[in-house]
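First the structure, in the form of structure tokens, and then the observations on it.
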Amino acid sequence: MHPMSKIRKEITKYMSDESEWNKKLIAEFRVNGGKVGGHFEGKTLLLLHTLGAKSGQGRVTPTAYVRDGERFVIIASNSGAESHPAWYHNLISKSVATIEVGADQFNVYPSIAQEPERTHLYDKMVEMMPIFEKYRRETTREIPVILLTPVK
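The sequence shown begins at 53 in my numbering and counts up by one.
Below is the structure:
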């Protein structure tokens, strides 16, 4: 087998596994009014609805969040990878997005936090989920912090 074929096969399997994991997490979230077990047990989680920037297809991504007043704060960590997650590009390409929090679904205006607020809010996420500190250390990129402000 050609080395690139092996790499493509591994990437396809990873993406399929991740997709299945997300589907199960989304189903658990919806059945339990936003509560899930496992890695996110006791943590705040929302479902982020975006449209593919190129495909136009709807996407739903489970994402940890912290609150800052009325705003929901999410982190585009991509588990410390050197690139932003796909949902980040989809989110910033639109002026309005939809989130599910608990049993509620509503529209939000996304914006990117700037310093010094960015670091303060990232640190707030680290308090809830210390793994985000590892993500920050593992990448050379500045990880975006996104503010989701409910549409009134």
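Beta carbons: idealized from backbone N, C-alpha and C, even for Gly. All values reported here derive from a predicted model rather than from experimental measurement.
| query | result |
| --- | --- |
| Would you list, in sequence order, the uninterrupted alpha helix (DSSP H) runs of no fewer than 4 residues that lie entirely inside the stretch 123-161? | 138-144 |
| Is it right to say residue 73 is buried, meaning 16 or more other beta carbons lie within 10 angstroms of its own, or is it exposed? | exposed |
| Grouping DSSP H, G and I as helix and E and B as strand, with all else coil, what is residue 88? | coil |
| Comparing C-alpha positions only, which one of 136, 95, 112 and 169 sits nearest to residue 157? | 112 |
| Give me the Cα-Cα distance between residue 174 and residue 89, rounded to the nearest whole angstrom. | 23 Å |
| With DSSP run on the structure shown, which of helix, strand or coil describes residue 165? | coil |
| Just checking: is the beta-carbon of residue 173 within a distance shorter than 8 Å of some beta-carbon in chain D? | Looking for chain D here will not work: only one protein chain is present. |
| Which residue marks the beginning of the alpha helix (DSSP H) containing residue 188, and which one marks its end? | 183-190 |
| According to DSSP, what are the bridge partners of residue 110? | 103 |
| Using CA atoms only, rank isn't needed, just tell me which of 132, 137 and 168 is closest to residue 186. | 132 |
| State the beta-bridge partners of residue 201 as determined by DSSP. | 161 |
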